[in-house]
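In my numbering, the protein residues as written are 526 to 613.
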Amino acid sequence: QEWRFFERALVSGIYDACLIIGDGLLDLHGCSEGVAAMMVRWWLAYYVRSTSEGFGPRRLRIITGWGKHRPLRKEGDLELSVKGELDI
526 QEWRFFERAL
536 VSGIYDACLI
546 IGDGLLDLHG
556 CSEGVAAMMV
566 RWWLAYYVRS
576 TSEGFGPRRL
586 RIITGWGKHR
596 PLRKEGDLEL
606 SVKGELDI
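(1) If I measure Cβ to Cβ from Val536 and keep anything under 8 Å in the same chain, skipping five residues before and after, which residues do I get?
(2) Mapping DSSP to helix, strand and coil, what is Arg584?
(3) Please classify Leu553: does DSSP put it in a helix, a strand, or coil?
(4) Determine which residues share a DSSP beta bridge with Ile539 and list them.
(5) Quick check on this structure: which residue in Tyr571, Glu527, Ser557 has the alpha carbon closest to the alpha carbon of Ile546?
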């Protein structure tokens with residue numbers, strides 16, 4: 526229930542340009558830091574609840590890129606934002 530609006534946005538395709546979701550893979554290359562943080566929280570919650578045992582795949586890959594395509598004047602760091610959500 527808490528993810529209802531976010532999931533509606535996903536289904537509508539609003540994040541298609543910045544996001545790739547696969548089996549055990551989350552590619553956040555084109556996402557903003559805020560969207561990436563929200564996506565990581567949703568993705569981990571989705572995988573935990575998606576199996577009858579309550580566990581998702583043993584390996585999860587989250588791709589943030591190296592920042593090579595970030596505009597020169599853009600502040601922030603996608604990798605640090607994602608690591609903050611993972612508490613690593």
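Even for Gly, the Cβ is constructed at its ideal location relative to N, Cα and C.
Here's the rundown:
(1) Cβ within range, chain order: n/a, list empty.
(2) Three-state result, Arg584: coil.
(3) Shown here, Leu553 sits in coil according to DSSP, grouped into three states, outside any helix or strand.
(4) Ile539 is not bridged to any residue.
(5) Answer by Cα proximity: Tyr571.
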